[in-house]
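Numbering (UniProt numbering), first residue to last: 1 to 213.
Positions of the beta carbon are idealized from the N, C-alpha and C atoms, including for glycine.
As structure tokens, the structure follows; a few thoughts come after it.
Here's what the structure looks like:
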């Protein structure tokens, strides 16, 4: 039976080597262990049996979760969640809802533009008033106002920042680091601490022979 056809309420039999097709509550088990490293980061296989040991679905012993792998033993269980209603599915939905927000460089550029804009309008307004006091025509004073504002607009700031980030990304590429978003270069430079679960993120939990002697 294909895992895509599994529905809530189905009774399934699992053994070592099988991939868990859905969230399953264990009815009975014999030496059944699962590899949860892809979901929880636990490097050691976890024992699964009918006993409920925690209210947390990630920690209880009577649940075999979708996305994990059966390592050894066998069990009989009932499907309690499929698709987006699995623990893995809910985690995926939560991560997709997170808004990326502004990068540090975007915040700095926005702040800088606001400051320049305020200064430009103040100076432009001052020139406009002085021009009227010096008996320039309204049109001439308006031209002064617009000229001052336009002159203070940093038109090349976007191109300058893009070029700088691109050059940095090229240098990182030479170090075998691929940058997919240019904003990430500056964001990484502003990072002081990175918190990450190493298994599945930095490592694969698989030993590989690299040298024999």
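- Non-local C-beta neighbours of residue 30 in its own chain, meaning closer than 8 angstroms and more than five positions away in sequence, comprise 73, 74, 75, ordered along the chain.
- Our two residues, residue 183 and residue 56, have alpha carbons roughly 37 angstroms apart in a direct line.
- Straight across, the Cα-Cα distance linking residue 59 with residue 53 is about 8 angstroms.
- The DSSP-derived three-state label of residue 193 is coil.
- For residue 164, the enclosing alpha helix (DSSP H) starts and ends at 157-173.
- Between residue 127 and residue 144, the C-beta gap is smaller than 7 angstroms, which places the two residues in contact.
- Residue 29 is bridged by DSSP to 75.
- Between residue 163 and residue 16, the alpha-carbon positions lie close to 54 angstroms from each other.
- In this structure residue 45 is buried. Its beta-carbon is surrounded by 16 or more other beta-carbon atoms within 10 angstroms.
- As the crow flies, the alpha-carbon of residue 92 is around 31 angstroms from that of residue 166.
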